[in-house]
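Engineer:
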DNA sequence: TTCTATATATATCGTTGCGAAATATATCAA
DNA sequence: TTGATATATTTCGCAACGATATATATAGAA
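Encoded structure:
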């Protein structure tokens with residue numbers, strides 16, 4: 024799924040500036056399963072605009088760069104739906120956290136404990152934000168489904184970390200003792 | 024976490040060729056939270072070799088390109104541990120599946136049902152593979168912890184899809200009726 | 001039997017996308 | 001008043017992906 028399609032998806036929910044599209048991937052409804060950078064969003068919007076898949080409207084602003092507000096064009100909607108019908112690429116996860124933890128035996132137990140603690144706090148914060156949406160009726164059914172899945176997965180992750188934290192710490196503590204012997 | 028560090032991590036578990044490192048990210052113990060391509064692994068191994076962080080041993084093979092077997096050098100172990108101590112970058116997930124599903128209202132219900140069905144089957148297959156490892160004692164505690172977390176998360180995802188599939192289908196079916204009116 | 005797919009094994013290369021900096025200003029807190 | 005944070009876009013070097021090329025063996029399908 025390239026950034027062009029991602030932008031069309033965001034714009035299909037309503038007009039937005041490049042900056043606002045970035046926020047949709049940083050904090051908004053897509054944040055837990057996709058991300059995109061300025062360096063890819065702005066060129067993508069330019070290309071989409073050239074191809075007539077979106078239309079731009081420049082909004083002058085006091086002492087700030089003009090805000091360019093993009094809306095999806097009918098042609099853009101067709102292109103989006105075609106892209107949505109294609110076979111999805113396999114999911115890709117990148118977690119420094121899990122990579123680091125898989126080498127826990129090389130790290131000081133305190134550090135491992137700290138990493139897990141911070142991660143649990145992060146998940147709990149995300150869960151509060153995602154649950155406190157209270158917009159059951161207003162968002163489309165698919166978006167609501169996906170949000171629910173995010174919540175279920177984050178909750179499982181946080182629960183796992185909480186219930187296996189001590190076990191891991193005990194195991195690497197033991198190894199430490201063996202080294203000391 | 025760059026590919027060089029990723030390679031050092033794999034090699035810290037034992038010597039391997041570039042091809043085998045790729046497999047560790049494709050099917051092996053890192054597959055559910057990291058991936059790397061040939062186009063990044065081979066140049067990374069060359070760089071690591073030049074810097075003396077890994078050592079190469081060429082193994083001649085019958086009618087095949089020489090297999091280059093890499094092992095981590097003591098200097099490489101230090102670099103790895105230093106990298107592991109750095110603050111982890113935030114997790115990044117990329118899921119075409121969830122992106123597509125969040126626009127379920129634009130898709131034929133049959134297609135949505137098919138996508139969910141295939142995804143459940145994929146999760147169940149992964150779970151079978153990950154659970155059927157039966158190597159409780161032989162793998163390091165961190166790796167075992169991370170594997171357990173993967174299982175917990177995949178199980179939660181599969182369960183959510185199974186228990187909310189009908190609900191979503193009913194919701195987009197309703198919308199279809201409204202359009203037909 | 002022949003064709004196709006898959007597995008082993010590495011190298012290269014065009015293109016995509018990231019991440020950080022540059023630019024400009026307003027607001028809020030320390 | 002200094003620094004941080006937010007709005008808003010552009011640009012650019014670099015990292016990494018994904019596909020292709022090369023070479024061969026085996027296993028299964030047609």
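Residue numbers (this note's numbering), protein chains in the order written: chain Y, 24 to 204; chain C, 24 to 204. Heads up, the beta-carbon is just placed ideally off N, CA and C, and yes, glycines get one too.
Decide yes or no for the touch test of the segment 168 to 186 of chain Y against the segment 34 to 49 of chain C: beta carbon pairs closer than 8 Å, at least 3 of them.
Structural biologist: No: fewer than three Cβ pairs fall under 8 Å.
Engineer: For residue 100(C), which three-state DSSP category applies?
Structural biologist: Correct three-state label for residue 100(C): helix.
Engineer: Give the range of the alpha helix (DSSP H) segment to which residue 70(Y) is assigned.
Structural biologist: It spans 61 to 73 - the alpha helix (DSSP H) in which residue 70(Y) sits, taken as one unbroken run.
Engineer: Checking contacts by CB at 9 Å: is residue 123(Y) closer than that to chain C?
Structural biologist: For residue 123(Y), the answer is yes, since a Cβ of chain C falls inside 9 Å of its Cβ.
Engineer: Considering Cα atoms alone, identify which of 56(C), 151(C), 80(C) is closest to residue 40(C).
Structural biologist: Answer by Cα proximity: 80(C).
Engineer: Cβ of residue 103(C) within 9 Å of Cβ of residue 31(C)?
Structural biologist: Yes, they are a contact pair.
Engineer: Taking residue 115(Y) as part of the beta strand (DSSP E), name the residues at either end of that continuous run.
Structural biologist: Per DSSP, residue 115(Y) belongs to the beta strand (DSSP E) from 115 to 117.
Engineer: Counting only runs of 4+ residues fully inside the segment 111 to 181 of chain C, write out the alpha helix (DSSP H) ranges in chain order.
Structural biologist: 119 to 124, 132 to 154, all fully within the segment 111 to 181 of chain C.
Engineer: Going by DSSP, name the residue or residues bridged to residue 77(C).
Structural biologist: Answer by DSSP bridge pairing, in chain order: 95(C).
Engineer: Opposite residue 90(C) in the DSSP bridges: which residues?
Structural biologist: Answer is 82(C), bridged to residue 90(C).
Engineer: I want to know whether the segment 50 to 59 of chain Y touches the segment 104 to 123 of chain C - three or more CB-CB distances under 8 Å.
Structural biologist: Yes: the two stretches touch, three or more of their Cβ pairs being nearer than 8 Å.
Engineer: Along chain C, in chain order, which residues have C-beta atoms closer than 7 Å to that of residue 132(Y)?
Structural biologist: Those do not exist, as residue 132(Y) stays about 11 Å from chain C at its closest Cβ, beyond 7 Å.
Engineer: Give me the Cβ distance between residue 112(Y) and residue 172(Y), rounded to the nearest whole Å; I'm assuming they're in contact under 8 Å.
Structural biologist: Not really, about 18 Å apart at Cβ, beyond 8 Å.
Engineer: Is residue 109(Y) helix, strand or coil by DSSP?
Structural biologist: In this structure, residue 109(Y) counts as coil in the three-state DSSP scheme.
Engineer: Find the residues of chain Y that neighbour residue 117(C), judging by a C-beta separation of less than 9 Å, and give them in chain order.
Structural biologist: The contacting residues are 24, 56, 57, 58, 112, 114, 115, 116, 117.
Engineer: Just to confirm the assignment, what range does the alpha helix (DSSP H) spanning residue 48(C) have?
Structural biologist: Element bounds for residue 48(C): 41 to 49.
Engineer: Taking all protein chains shown into account, do 16 or more other C-beta atoms lie within 10 angstroms of the C-beta of residue 168(Y), making it buried, or fewer, making it exposed?
Structural biologist: Buried, because 16 or more other Cβ atoms sit within 10 Å of the Cβ of residue 168(Y).
Engineer: Taking the continuous alpha helix (DSSP H) assigned at residue 32(Y), which residues delimit it?
Structural biologist: Per DSSP, residue 32(Y) belongs to the alpha helix (DSSP H) from 26 to 34.
Engineer: So with Cβ pairs under 9 Å, would you call residue 183(C) a contact of chain Y?
Structural biologist: Yes - at least one Cβ of chain Y is within 9 Å of the one on residue 183(C).
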